[in-house]
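Visitor: Please read through the structure below; I'll follow up with questions.
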Amino acid sequence: MVCDCCLAGSIGLAGAAAVGWALGWAHLAFWRQKLCRPVGYDQTHRIATPDGCAFELRRLQPTQLSHQPPVLLCHGVAINHRNLDADENLSLARSLRAAGRDVWLLTLRSGRDDLSYAERKVTSFSAMVAHDVPLAVQQVRQRTGAEQIDYIGFSMGGILWYACLNHTVPQLQVRRTVIMGSPGRIGHYLPFIGILKRLPPQWMPSAPLRLASQMVAFAAEALPTYIHRVTMNLANCQPGYVRHTAMEAVQSIAGPLAHDFIRWANSDGVPRLDTGRDVFAGLATVDVPVLMVGGQVDRLCPPSALQIAFDRWGCNLAHTPKRMLLLGKIHGHRADYGHTDLTIGQHAAEEVFAPIVAFLS
7 MVCDCCLAGS IGLAGAAAVG WALGWAHLAF WRQKLCRPVG YDQTHRIATP
57 DGCAFELRRL QPTQLSHQPP VLLCHGVAIN HRNLDADENL SLARSLRAAG
107 RDVWLLTLRS GRDDLSYAER KVTSFSAMVA HDVPLAVQQV RQRTGAEQID
157 YIGFSMGGIL WYACLNHTVP QLQVRRTVIM GSPGRIGHYL PFIGILKRLP
207 PQWMPSAPLR LASQMVAFAA EALPTYIHRV TMNLANCQPG YVRHTAMEAV
257 QSIAGPLAHD FIRWANSDGV PRLDTGRDVF AGLATVDVPV LMVGGQVDRL
307 CPPSALQIAF DRWGCNLAHT PKRMLLLGKI HGHRADYGHT DLTIGQHAAE
357 EVFAPIVAFL S
């Protein structure tokens, strides 16, 4: 009798689990269809790296031949290229193409959703400085025949650029740079997580954000959370685009990369390579013109953290052309910008994209 009861209970639990699994995937399939905004690209390339991983490049070609250099755009952490190309109506990448630019969107290894176990183990900040970014610059130059590129880095995409310039990317290959919300110091926002920095990077578990984000994407604008407060000014975001971002753009964070950010945040906040090299080590003699864009209420990259990077850029030179654009009501803008709303803000096309396009022109 006891065995029969145990068997019946096990069957019941298995059945409930199967029903729950089926309902979960049905929920996900329904909301994927509702929230996804497919976009097309003229070319897509997957580029293998020497350490056994790969990144991707997506091209948006202008309708008319341009004599200006190609533009390479790089996304941030826990997200992919779609944060710079939300859809046909709200996209920094497509604003640049409309202005006649040859646009290349870089999807770092960290922005891929199909990483193998082995690839996740080599997905670190230092690996992307050594391989993804310099190889992307090389590929764009080779495929277009251009001697120089313009570069736009959002959040981690800008921090990678701090580390690459005059280190793995010669500044002579770069004409102009735009930095968007890329702090010079990394803060910590999750209590007690600092204990994880004691783990070896290879033991650090990945943060499975993509599936979690997709499962709750339908409610991403209706139920503000602590994550919203840290990552955006929700009131400034274009309606519908936070749900879209949660469904299509958010990516999981590989363990070694998560370890990098935890290690920086729980030391002195300075991003460093695995060798200990400060990411700003090569910036003192950089004379590439730069526009640094920040949000007045950005908690991931507050103005003071952006100022640190601004001050280090070309600091040993007398006349490095550099400019900072802070977006907030105090500066005459229609809203106070946070982090994510730099790309999906209600007025981002006029207040963010247009100045960037003008600077790169």
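Under my numbering, residues 7 to 367 are what the sequence shown spells out, in order.
Don't be surprised by glycine CBs; every beta carbon is placed ideally from N, CA and C.
Between Gly85 and Gln257, which are expected to be in contact by the criterion C-beta below 8 Å, what is the C-beta distance as a whole number of angstroms?
Guide: The displayed chain sequence assigns Ile, not Gly, to residue 85. Rounded, the Cβ-Cβ distance is 6 Å, consistent with contact.
Visitor: Report yes or no: do three or more beta-carbon pairs, one from the region 181 to 189 and one from the region 103 to 116, lie closer than 8 Å?
Guide: Counting Cβ pairs under 8 Å, fewer than three are found: no touch.
Visitor: What does DSSP give as the partner residue(s) for Met298 in the beta ladder?
Guide: Met298 is bridged to Ile185, Met330.
Visitor: Just the C-alpha distance for Asp138 and Ile158, rounded to the nearest angstrom, thanks.
Guide: Roughly 15 Å separates the two Cα atoms.
Visitor: For Ile53, list the residues DSSP reports as bridge partners.
Guide: DSSP output for Ile53 lists Phe61 as bridge partner(s).
Visitor: I need the DSSP call for Ala213, collapsed to helix, strand or coil.
Guide: In this structure, Ala213 counts as strand in the three-state DSSP scheme.
Visitor: Can you tell me the Cα-Cα spacing of Leu98 and Leu66, whole angstroms?
Guide: Rounded to the nearest angstrom, the two C-alpha atoms are 12 Å apart.
Visitor: Compute the Euclidean distance between the alpha carbons of Pro176 and Gly275, then round it to the nearest angstrom.
Guide: Between Pro176 and Gly275, the C-alpha separation is close to 26 Å.
Visitor: Considering only their Cβ atoms, is the gap separating Gly190 from Ala35 smaller than 8 Å?
Guide: No, the Cβ-Cβ distance between Ala35 and Gly190 is not below 8 Å.
Visitor: By DSSP, does Asp138 sit in helix, in strand, or in coil?
Guide: Helix, per DSSP.
Visitor: Taking all protein chains shown into account, decide if Ile336 is buried (16 or more other Cβ within 10 angstroms of its Cβ) or exposed.
Guide: Looking at its Cβ environment, which holds fewer than 16 other Cβ atoms inside 10 Å, Ile336 is exposed.
Visitor: CB-CB under 6 Å to Arg269, same chain, minus the five flanking residues each way: which ones, in chain order?
Guide: These residues qualify, in order along the chain: Lys203.
Visitor: Anyone know if the C-beta pair for Leu78 and Ile155 falls short of 8 Å?
Guide: Cβ distance < 8 Å, so Leu78 and Ile155 count as in contact.
Visitor: Does the beta-carbon of Leu263 have 16 or more other beta-carbons within 10 angstroms, so that it is buried, or is it exposed?
Guide: Looking at its Cβ environment, which holds 16 or more other Cβ atoms inside 10 Å, Leu263 is buried.
Visitor: Measure from the alpha carbon of Thr113 to the alpha carbon of each residue in Pro44, Leu63, Tyr343, then state which is nearest.
Guide: When each option's Cα is compared against that of Thr113, the closest is Leu63.
Visitor: At what residues does the alpha helix (DSSP H) containing Asp165 begin and finish?
Guide: What sits at residue 165 in the sequence shown is Ile, not Asp. Note, Ile165: alpha helix (DSSP H), 162 to 170.
Visitor: Within the continuous beta strand (DSSP E) that includes Leu112, where are the two ends?
Guide: Unbroken beta strand (DSSP E) run through Leu112: 109 to 113.
Visitor: Quick check: what's the CA-CA separation for Asn242 versus Arg43?
Guide: So the alpha carbons of these two residues sit roughly 20 Å apart.
Visitor: Using only alpha-carbon positions, find the residue among Phe131, Leu178, Pro68, Gly82 that is nearest to Asp293.
Guide: Nearest option by C-alpha distance: Leu178.
Visitor: Tell whether a beta-carbon distance below 8 Å holds between Val285 and Leu331.
Guide: Against a cut-off of 8 Å, the Cβ pair of Leu331 and Val285 comes out as no contact.
Visitor: What three-state label does DSSP hand Tyr247 in the structure shown?
Guide: Of the three classes helix, strand and coil, the one that applies to Tyr247 here is helix, per DSSP.
Visitor: Please state whether DSSP places Arg38 in a helix, a strand or coil.
Guide: Three-state result, Arg38: helix.
Visitor: Could you check which residue in Pro75, Gln39, Glu94, Ala354 has the C-alpha nearest to that of Glu153?
Guide: When each option's Cα is compared against that of Glu153, the closest is Pro75.
Visitor: Tell me whether the beta-carbon of Leu166 lies closer than 8 Å to the beta-carbon of Met134.
Guide: Yes, these two residues count as a Cβ contact at 8 Å.
Visitor: Name the DSSP bridge partner or partners of Leu79?
Guide: Beta-bridge pairing links Leu79 to Leu111, Ile158.
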